[in-house]
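J.:
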Amino acid sequence: MSTETAPATTESVETEHDHHPSHLQHHFVSSEQQFDSAKLGMWLFLITEILLFSALFVAYAVYRNWNPVAFAEASSTLDWVLGSVNTIVLLTSSLTVALSIHFIQKNDRKKTVISLLATLALAGGFLVIKYFEYMAKFEHGIYPGEAFAPTGSGYEYLAAIPYVPQFFSIYFVMTGIHGVHVVIGMGLISWMAWRAHRGDFSDEWYTPVELTGLYWHIVDIIWIFLFPLLYLV
Amino acid sequence: MEAAAHAASQTDAEPRTYLNHETSLWEWLTTKDHKKIGIMYLISLAVVFLVAGLLAMAVRLELMSPDFSIMSASQYNQTFTMHGIMMVFLFIVPSIPAILGNFVLPLQIGAKDVAFPRLNLASWYVYMAGGVLTVTALLVGELSTGWTFYTPYSSQQGTAVIFMTGAIFVSGFASIFTGLNFIVTIHKMRAPGMTWNRLPLFVWGLYATSIVQVLATPVVGITMLLLILEQTLQIGIFDPALGGDPILFQHFFWFYSHPAVYIMILPAFGILSELIATFSRQRIFGYRAIALSSVAIAMLGFLVWGHHMFVSGQSAISSIVFSLITYLIGIPSGIKIFNWIATMYKGSVWLQTPMLYALSFLFLFTIGGLTGIMVGVLGVDVHLHDTYFVVGHFHYVMMGGSVIALLGGMHYWWPKITGRMYNETLGKIAAGLVFVGFNVTFFTQLVLGSQGMPRRYYEYVDRFAELHMISTIGSFILASGLFLVLGYALHSLFYGKKAPQNPWAAATLEWTNVAAIPDPHNFTSTPLVTRGPYDFHKADEVFGGSGDGQARGDGAGSDASRLTPPEAAPSAPKEDASA
Amino acid sequence: MAHATDDHAAHGHHIIPIPTLLKVFGALVALTAITVGLSPFDLGMFEIPVALGLASAKATLVVMIFMALKYDNPVNMLTFSVGVLFVAIFLVFTLLDTAFRGDMDNVDRLTIEERERLNEQLQESDVDAEDLQVAPSDMQ
Amino acid sequence: MNDSGTFWLPEAASTVAAEVDGLFYFVYWASAIIFVGVVAAMIYLAYKYRRRDPNDRPEPVEESRLLEISWIVVPTILVLLVFTWGFQTFVTLQTAPPNAYEIQGQAYSYGWNFEYPEGAQTTDELYLPADRPVQIRLSSREGDVLHSFFLPQFRVKQDVLPNRYTSVWFEATEPGTYELFCTEYCGVGHSQMLGEVNVLPADEFDEWVAEAGINEDDLSLVELGELQYQRNGCQGCHSLDGSAMAGPTFQGLYESERAFADAGSVEADDNYLRESIIEPDAKVVEGYGSGIMPSFAHLSERDVTALVEFIKEQE
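Chains as they are written, first to last, in UniProt numbering: chain A, 1 to 233; chain B, 1 to 579; chain C, 1 to 140; chain D, 1 to 315.
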C-alpha cells in the first residue's frame with residue numbers, strides 16, 4: 001500500500017523511542033496520541049454504561065405508562081428529603097472530582113489529593129444515606145420481587161394496589177446497580193488518591209485521574225435522572 | 001536460553017518473527033501482541049466451533065427420520081439449545097473480529113498494535129471466563145431454553161439458566177472490549193497517509209461491527225441480569241404470572257440480538273471485499289458505497305428488532321414500522337452484492353480457494369438476503385415465523401455468510417498467520433464439499449419450513465420425513481468438507497510449503513510491508529501510505545518493482561525463500577498518489 | 001510525523017477555572033431545588049416532560065463543563081451523542097409497542113388479570129349503564 | 001388430509017391462504033429472478049475475466065454512477081411494493097369480521113383446550129364450520145409458558161400468552177382434516193403439542209356442536225371427574241393403568257399408604273387427594289420432585305370433588 005518509508009521518518013521514530021516519557025507505551029507515537037486514545041476509549045465505555053442503564057429506564061417507562069396510579073402511590077412512599085440530600089451530595093462530589101482535575105492540571109498535588117478524598121467521603125455519605133433508605137423500606141416489608149409484603153401504617157395499603165411490586169423491583173434494581181457503580185467508583189478514586197499522593201501524576205500526565213473523573217460524572221448523571229423519576233413524579 | 005535460541009536463529013539467518021519470539025507458554029498467556037491474542041482466540045473458537053458443530057450433527061442425526069432416535073426429547077432440547085448458544089454467543093459473534101480482526105487490523109492500518117493491548121488480552125480472559133461459566137451451566141443442570149431464553153419458560157427453569165445467562169453477560173464484556181479497542185485503534189492509530197478513504201474495506205467492516213458491539217452488547221448484559229433477578233427474586237418484570245410482560249423480554253433480547261446479526265455479518269462483508277478485490281486484481285467497484293453502507297447497516301440494524309415479533313402479540317403499529325425499516329436495510333446489503341460482482345468486470349479473476357469461498361458467499365448470502373426479505377413481508381411472515389424456513393434463512397446468513405467468509409478469510413490470511421501454504425487442491429475440494437453440503441442441508445430446510453415444519457421439534461409428522469433425510473445427508477457432506485479443512489490446515493502447520501511474503505499479490509499493508517511471518521512489532525519501519533488499498537495499477541511493489549518483472553505475487557509459483565521485506569522501490573512516492 | 005490526522009481538535013488539556021466550576025455547581029443545585037420545589041404541584045401531562053427537561057439540563061451541564069466535552073475532541077462529542085441517540089431509539093421503539101398494545105383486535109390491550117379486576121369493579125359499584133360505556137383509553 | 005400442496009406450500013384451506021400464497025409467490029419469483037441474475041453475472045464475469053497470465057494487471061474501471069443509482073432505486077421500488085402488499089395482507093389477517101363465530105382456546109403444557117359458545121369442549125381437537133369466519137380467542141393457562149397457535153394449511157399463526165388474550169381468525173374453505181402445531185418452544189413436550197383441525201360442512205358442524213355440548217350438571221360426579229381428568233391434562237402425568245409417568249399413577253391410589261420425601265406417611269383419603277390437587281407441593285410422594293405439578297385451586301368445588309371421586313374409582 002505504501003511505496004516505502006522515508007529514512008528520515010524511521011530515524012525520528014527511533015529518536016522518539018529514546019526520549020519517550022515513562023508513561024508512554026511503546027505502540028503509541030506520542031503522549032497526545034495515547035491520551036486521545038484513552039479518552040476516546042473512556043467515552044466509548046461510558047456509552048456502554050448509559051446503554052446498560054437504558055434497559056432499566058425503558059422498563060420503568062413501560063410500566064409507568066401502563067400503571068401510572070400504582071407508580072405514583074409507590075413513589076410517594078420514598079423519602080424525597082433523603083433523595084434530595086443525596087442528589088446534592090452527588091453533585092458536590094462531581095464538583096470535587098472536577099476540582100481534582102483542575103488542581104492536577106495546575107500541578108498542585110496536595111489539593112488534588114484533598115479533592116479526591118473529599119469525593120470519596122461524599123460517595124461514602126451517599127451510600128450511608130442510601131443504606132438508611134433501604135433499611136427503612138425493608139423494615140416495612142418492602143423488598144424487591146416475591147418477598148414484597150408491606151407492613152405497618154403508611155405501607156399496608158400498597159398491598160392492595162396491583163403493580164406496586166413492579167415499581168419497587170425497578171427501584172431496587174436501578175438504585176442497586178447504581179450503588180454498585182458508586183462502590184466501584186470509590187475504589188477507583190481511592191486508588192487515584194493514593195497514586196496522586198505517591199506522585200504518579202503531574203500536569204504532564206494525569207490521564208487516569210481524568211478518566212476516573214469521567215466515570216464518576218456518569219454515575220452522577222444517572223442519579224440525576226433516577227432521582228426525579230423514582231422520588232418525585 | 002532465550003538469548004541462545006535467539007543467537008541460533010540469528011546464525012541460521014532466520015529473521016525474528018512474532019512466532020519465534022517469546023515462545024514459552026507463560027509468554028503466550030501474558031502476551032500483549034495482537035497477533036498472538038488473535039491466535040489464542042483462534043484456538044479457543046475452533047474448540048467451540050467443533051463442539052457446537054458436533055451438537056448440530058447430533059441434532060441432524062436425531063431428525064434423520066421420524067422413527068430413528070439417538071436421544072430423549074429432553075436431551076434433544078438441551079442439544080439444540082447448546083448448539084445455538086455456543087454458535088451465536090461464543091462462536092460467530094466473536095469469530096471474525098477476535099481472530100482475523102485482531103490479527104489483521106493493526107497490520108492493515110500500519111499500527112504497531114491495537115490501542116489498548118492489555119484490554120485486548122483481558123478480553124480473551126473474559127471470554128474464557130464465559131466459557132468456564134458455560135461449562136458450569138452444563139454441569140449444574142439441564143439447560144433447555146433455546147438460545148433465545150424466552151420468558152416465562154426460561155425464568156421457570158433451574159440454576160443452569162443462571163449460569164448460562166451469567167456466561168453471556170460475562171462474554172459480552174469480551175465483545176465490548178474488542179469493539180471499543182477497534183474503534184479507538186481505527187480512529188487514532190492509523191499510519192501516516194492512511195486516510196479514511198484509504199482504509200481497506202475489512203477495516204471499515206470491523207469499524208461498523210465495533211459500533212454495534214459497543215452500543216448493543218450492554219443491553220443483552222442487563223437483560224441477562226434482569227433474567228437472573230427474575231429467577232432468583234421474582235422481580236416480576238418479564239414473568240406474566242408475577243404481573244410482568246413476556247413480550248418486553250423479547251424487546252430487550254432482540255434489541256441486542258438483531259444487531260448481533262450485523263456483528264456477525266459486517267466483518268464478513270469486509271473480508272469479502274478484500275477477497276474479491278485481491279483475486280480480481282481490480283479496484284472495488286463503489287468503494288465509498290460499500291464502506292458507508294456498512295456503517296448505515298450498523299445504524300439501521302438497531303431499528304428493526306421487532307421483525308422477530310410479528311406474531312408475538314406486540315402492537316400492529318410497531319410490526320408495521322419494523323417491517324418497513326427492515327426493507328430499507330435490505331437495500332444497502334443488495335448494493336454490496338451488486339458492487340462485488342461488478343468488481344470482477346474487466347478484472348483478472350483468479351479462482352484460488354479464498355476466491356471460491358468468496359463466490360460461495362455471494363451465492364449463499366444472496367439466498368440468505370432474499371429469504372430475509374420473504375420473512376420480512378408482514379403477511380407472509382405470519383406463516384413462516386418459527387418454522388424451518390427461518391432456520392434455513394438464518395443459517396444461510398450466519399453460516400453461508402459469516403462462517404463461509406471466515407473460512408475464506410482464514411485461507412487468505414493463513415500464509416501470513418502461520419508462514420505456511422496449505423494444499424490448494426484439497427482446499428478447492430473442501431470448498432466444493434462445503435458449498436454442496438451446505439445447500440443440500442439448508443435449502444431443504446427452507447422448503448420444510450414453508451411446508452409448515454415448526455422449529456425446535458423433537459418429533460415430526462411423516463410428511464416431512466423425506467426432506468429431513470436429505471437435510472441430514474447434506475449435513476454429513478458439509479461436515480466432511482469442514483473436517484477436510486481441519487485436516488489439511490493441521491498438515492500445513494507442520495509440512496506446508498513456506499509461504500512467500502505476498503502469495504496473492506495483494507496490495508494492502510499486511511502483504512506489501514510486513515514480512516512473510518510478521519515481526520513482533522509488525523513493521524520494521526512505519527509505513528507511509530500513498531495510495532488506496534486496491535490501487536493495483538499504482539502498486540508496483542506488488543509486481544516486483546516496476547510491474548513488468550516476475551509476478552512474485554502468485555503464491556504457488558513464487559520463490560518461497562523470499563522471507564525478508566521487499567526492497568523499497570527506488571521511486572519516490574508519486575505525486576498524484578498522495579493527492 | 002502526524003499519526004491519525006483526522007481528529008485534530010484543540011486538544012483536551014483545557015483547564016476549567018474554578019469560578020466556572022462553582023457557577024455550574026450553583027446552577028445544578030438551583031435546578032435540583034426547582035425540581036424538588038415543583039414536585040408537590042400536579043402538572044398533569046407536563047409532569048414527566050418537565051422533570052426530564054430539568055434533569056437533561058443538569059446532565060448537559062455536567063457533561064459539557066464538568067466532563068469538559070465542550071472543550072474536547074469533537075469525536076468524543078459524536079460518540080456521546082450516538083449513545084444518547086440509541087437510548088432514545090430503544091425507548092421510543094419499545095413504547096411504540098407497549099403504549100399501543102392491542103391496537104388491532106387480535107391482541108387484547110389489557111392483561112387477563114386487569115380484565116377480571118375491571119369486571120369485578122364494575123359489578124361491585126352500582127353504576128348507571130351510561131357509565132359503563134367507557135372509552136378504551138379511560139380503562140386503566 | 002389430501003396432498004394438494006405445491007412444492008413450497010402445503011394445501012391452502014382458508015380464504016386468507018390464497019392472498020398469502022399470492023404474495024409468497026410474487027416475492028418468491030421476484031427473488032428467483034434476482035438470484036438467477038446475480039449468479040449468472042457472477043459466473044459469466046468469473047469466466048470471462050479469468051486470469052490468463054500471472055502478470056495480468058488490468059486497468060482500473062471507472063465507476064458508473066448511473067449503474068449504482070439504478071441498483072439502489074429499482075430494489076427500493078420493489079421492496080416498497082412488497083411492503084405495501086404485505087401490510088394489507090397483515091391487516092386482513094389481524095382484523096376479524098364482526099360476525100365471526102367465536103371459539104375460546106386455551107393452551108397448556110402440552111395440549112390445547114377449546115370451548116365452543118354452545119358449551120361443547122374439546123381437547124387437542126378443533127371442530128370448525130366451513131365457509132364461515134371463525135375467531136379463536138387464545139390464552140395460555142395461568143402460570144404456564146408461551147405457546148404459538150399455528151395452522152399451516154390456513155396460513156395463520158399467533159403466539160399464545162399467559163395472562164393476555166390474543167386471537168386469530170380465518171374462514172375455512174374445504175371440509176377435511178388439518179394440522180395444528182405449537183410453534184413457540186415450550187419445553188419437553190413441545191413437539192407433541194399437536195392438534196387436529198376438523199372442518200365440517202356447516203350443517204354437520206351445527207349437528208356436532210349441539211351433540212357435543214354436554215351439560216356438566218347432568219353428569220354424575222365420576223363422569224365429570226373423568227372429563228376434568230382429560231380437560232386439565234392430568235393424563236399427561238398420571239396414568240390410570242399403573243404405568244410410571246412424571247406423577248404417581250391413579251390406579252389403586254385411594255386408601256393406599258403414601259410415603260413422603262420429607263419422611264412421614266399418610267393414608268390417601270379424600271382430604272389428602274383434595275389437598276394434593278389444590279396444593280400439590282404440600283406433601284410430595286417419595287421419588288417425585290416438588291414444583292412440577294401446578295395448583296388446580298381455580299377449579300370449582302364440584303370439579304375437585306368430581307376428580308376425587310374419579311380417582312377413588314381407579315382400583
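The beta-carbon is built from N, C-alpha and C at its ideal position, and this holds for glycine as well.
This structure is a prediction, so every number in the text was calculated from the model and none was measured.
1) Assess contact between the segment 453-460 of chain B and the segment 13-22 of chain D, defined as three or more Cβ pairs (one per stretch) separated by less than 8 angstroms. Is contact present?
2) Based on Cα-Cα distance, which residue from B:Ala268, B:Val114, B:Ile176 lies nearest to Gly221 (chain B)?
3) For the structure I just gave you, are there three or more beta carbon pairs, one from the segment 57-69 of chain B and one from the segment 489-504 of chain B, closer than 8 angstroms?
4) Could you tell me if residue 251 (chain A) is buried or exposed, where buried requires 16 or more neighbouring beta carbons within 10 angstroms of its beta carbon?
5) Could you check whether the Cβ of Gln231 (chain B) sits closer than 8 angstroms to any Cβ belonging to chain D?
6) Looking at the structure shown, is Gln250 (chain B) part of a helix, part of a strand, or coil, going by DSSP?
7) Could you tell me the boundaries of the alpha helix (DSSP H) in which residue 591 (chain B) lies?
8) Can you grab the Cα-Cα spacing for the pair Ser171 (chain B) / Ala129 (chain B), in whole Å?
9) For Ala265 (chain D) and Glu286 (chain D), I'd like the C-alpha separation in whole angstroms.
10) How do the segment 203-214 of chain D and the segment 120-127 of chain D stand: do at least 3 beta-carbon pairs fall below 8 angstroms, yes or no?
11) Identify each residue in the segment 37-61 of chain C for which the Cβ-Cβ distance to at least one residue of chain A is less than 9 angstroms, and report them in chain order.
12) Locate the beta strand (DSSP E) running through Leu138 (chain D), then write down its first and last residues.
13) Within the same chain, show all residues whose beta-carbon is closer than 6 angstroms to that of Asn423 (chain B), passing over the 5 residues directly before and after it, in chain order.
14) Which residues bound the alpha helix (DSSP H) around Lys36 (chain B)?
15) Along chain A, in chain order, which residues have C-beta atoms closer than 7 angstroms to that of Val214 (chain B)?
16) Near Ile367 (chain B), what residues of its chain come up, given a Cβ to Cβ distance below 6 angstroms and the 5 sequence neighbours on each side ignored?
17) Would you say His217 (chain A) reaches chain B, if we count a Cβ-Cβ gap shorter than 8 angstroms as a contact?
18) Taking all protein chains shown into account, do 16 or more other C-beta atoms lie within 10 angstroms of the C-beta of Gly185 (chain A), making it buried, or fewer, making it exposed?
19) Please report the residue range of the beta strand (DSSP E) in which Trp205 (chain A) lies.
20) Could you work out which residue in A:Leu78, A:Ser31, A:Ile218, A:Ala121 is closest to Met64 (chain C) when comparing CA atoms only?
21) Going by Cα to Cα distance, which pick from B:Thr524, B:Asp540, B:Pro520 is closest to Trp28 (chain B)?
22) When the distance is taken between beta carbons, is Ile162 (chain B) closer than 8 angstroms to Pro144 (chain A)?
23) Kindly indicate which three-state DSSP category Gly243 (chain B) falls into: helix, strand or coil?
24) Does the pairing of the segment 435-445 of chain B with the segment 105-125 of chain B give three or more beta-carbon distances under 8 angstroms?
25) Are the beta-carbon atoms belonging to Thr512 (chain B) and Val485 (chain B) less than 8 angstroms from one another?
26) Rounded to a whole number of angstroms, what is the C-alpha to C-alpha distance between Ala246 (chain D) and Thr418 (chain B)?
27) Output yes if chain A places a C-beta closer than 8 angstroms to the C-beta of Phe80 (chain C); else output no.
28) Tell me which same chain residues have a C-beta within less than 8 angstroms of the C-beta of Met344 (chain B), skipping the five on either side of it?
29) Among D:Pro248, D:Thr95, D:Ser239, whose alpha-carbon lies nearest the alpha-carbon of Asp105 (chain C)?
30) Can you have a look at Asn73 (chain C) and say buried or exposed, based on whether 16 or more other CB atoms are within 10 angstroms of its CB?
31) For the pair the segment 14-34 of chain C and the segment 50-62 of chain C, tell me if three or more CB-CB distances fall below 8 angstroms.
32) Within this structure, are the beta carbons of Ala56 (chain B) and Phe91 (chain B) separated by less than 8 angstroms?
33) Can you pull out the residues from the segment 165-193 of chain B whose beta carbon lies closer than 8 angstroms to at least one beta carbon of chain C?
34) List, in chain order, every chain D residue whose beta-carbon is nearer than 7 angstroms to that of Asp386 (chain B).
35) Per DSSP, what kind of secondary structure is Ser167 (chain D) in: helix, strand or coil?
36) For a contact defined as C-beta to C-beta under 8 angstroms, what are the partners of Asn73 (chain C) on chain A?
T.: Concretely, from the data shown:
1) No, the segment 453-460 of chain B is not in contact with the segment 13-22 of chain D.
2) Here the question's residue 221 (chain B) lines up with position 221 in the second sequence. Nearest option by C-alpha distance: B:Ile176.
3) no
4) In the structure as shown, chain A begins at 1 and stops at 233. Residue 251 (chain A) is therefore absent and cannot be evaluated.
5) Your numbering for residue 231 (chain B) matches position 231 in the second sequence. So no, Gln231 (chain B) is outside the interface.
6) Position 250 of the second sequence, counting from 1, holds the residue named residue 250 (chain B). Gln250 (chain B) falls in the helix class under three-state DSSP.
7) What the structure shows of chain B is the stretch from 1 to 579, and residue 591 (chain B) is not part of that stretch, so it cannot be assessed.
8) Residue mapping note: residue 171 (chain B) aligns to position 171 of the second sequence, counting from 1. Residue mapping note: residue 129 (chain B) aligns to position 129 of the second sequence, counting from 1. In a straight line, the C-alpha of Ser171 (chain B) is about 7 angstroms away from that of Ala129 (chain B).
9) As a first step, residue 265 (chain D) is located in the fourth sequence; it is residue number 265 there, counting from the start. As a first step, residue 286 (chain D) is located in the fourth sequence; it is residue number 286 there, counting from the start. As written in the sequence, residue 265 (chain D) is Ser, which differs from the Ala given in the question. So the alpha carbons of these two residues sit roughly 10 angstroms apart.
10) Because the criterion of three Cβ pairs below 8 angstroms is met, the segment 203-214 of chain D and the segment 120-127 of chain D touch.
11) Leu38, Ser39, Leu43, Glu47, Ile48, Val50, Ala51, Leu52, Leu54, Ala55, Ser56, Lys58, Ala59
12) Taking the fourth sequence and counting its residues from 1, the one referred to as residue 138 (chain D) is at position 138. Element bounds for Leu138 (chain D): 133-140.
13) In the second sequence, the residue the question calls residue 423 (chain B) occupies position 423. So the qualifying residues of the chain are Tyr488.
14) Taking the second sequence and counting its residues from 1, one reaches residue 36 (chain B) at position 36. From DSSP, the alpha helix (DSSP H) with Lys36 (chain B) extends over 34-62.
15) By one-based count along the second sequence, residue 214 (chain B) stands at place 214. Result: Leu44, Ile47, Thr48.
16) On the second sequence, residue 367 (chain B) is found 367 positions in, with the first residue counted as 1. Counting only Cβ-Cβ distances below 6 angstroms, and skipping sequence neighbours, we find Tyr396.
17) As a position in the first sequence, residue 217 (chain A) is number 217, starting the count at 1. Between His217 (chain A) and chain B, the shortest Cβ-Cβ separation is not below 8 angstroms.
18) As a first step, residue 185 (chain A) must be located in the first sequence, where it is residue number 185. It counts as buried.
19) In the first sequence, the residue the question calls residue 205 (chain A) occupies position 205. Counted as a single uninterrupted DSSP element, the stretch harbouring Trp205 (chain A) is not any beta strand (DSSP E), since DSSP gives it neither H nor E.
20) Taking the third sequence and counting its residues from 1, the one referred to as residue 64 (chain C) is at position 64. Looking at the Cα atoms, A:Ile218 is the closest of the given residues.
21) Numbered from its first residue, the second sequence carries residue 28 (chain B) at position 28. Of B:Thr524, B:Asp540, B:Pro520, the residue nearest in Cα terms is B:Pro520.
22) As a working mapping, residue 144 (chain A) is identified with position 144 in the first sequence. As a working mapping, residue 162 (chain B) is identified with position 162 in the second sequence. For Pro144 (chain A) and Ile162 (chain B), no; Cβs fall outside 8 angstroms.
23) Taking the second sequence and counting its residues from 1, one reaches residue 243 (chain B) at position 243. Looking at Gly243 (chain B) - three-state DSSP - the assignment turns out to be coil, as it is neither helix nor strand.
24) no
25) In the second sequence, residue 512 (chain B) corresponds to position 512, counting from 1. In the second sequence, residue 485 (chain B) corresponds to position 485, counting from 1. For Thr512 (chain B) and Val485 (chain B), no; Cβs fall outside 8 angstroms.
26) Here residue 246 (chain D) refers to the residue found at position 246 when the fourth sequence is read from its first residue. Here residue 418 (chain B) refers to the residue found at position 418 when the second sequence is read from its first residue. About 55 angstroms.
27) Counting from one through the third sequence, the residue named residue 80 (chain C) turns up at place 80. Yes, because at least one Cβ of chain A sits closer than 8 angstroms to the Cβ of Phe80 (chain C).
28) The sequence position of residue 344 (chain B) within the second sequence is 344, counting from 1. Counting only Cβ-Cβ distances below 8 angstroms, and skipping sequence neighbours, we find Ile276, Ser280, Gln282.
29) Numbered from 1 along the third sequence, position 105 holds the residue referred to as residue 105 (chain C). Checking every option, the nearest Cα to that of Asp105 (chain C) belongs to D:Thr95.
30) Residue 73 (chain C) sits at position 73 when you count from the first residue of the third sequence. Buried, by the Cβ-count rule.
31) Yes, the segment 14-34 of chain C touches the segment 50-62 of chain C.
32) The sequence position of residue 56 (chain B) within the second sequence is 56, counting from 1. The sequence position of residue 91 (chain B) within the second sequence is 91, counting from 1. Not a contact, by the Cβ cut-off of 8 angstroms.
33) His187, Lys188, Met189, Arg190, Ala191, Pro192
34) Sequence index remark: in the second sequence, residue 386 (chain B) carries index 386 (1-based). In chain order: Ser148, Thr183, Glu184.
35) Along the fourth sequence, one-based indexing puts residue 167 (chain D) at 167. Three-state DSSP puts Ser167 (chain D) in a strand.
36) The count along the third sequence starts at 1 and reaches residue 73 (chain C) at position 73. Asp36, Lys39, Leu40, listed in chain order.
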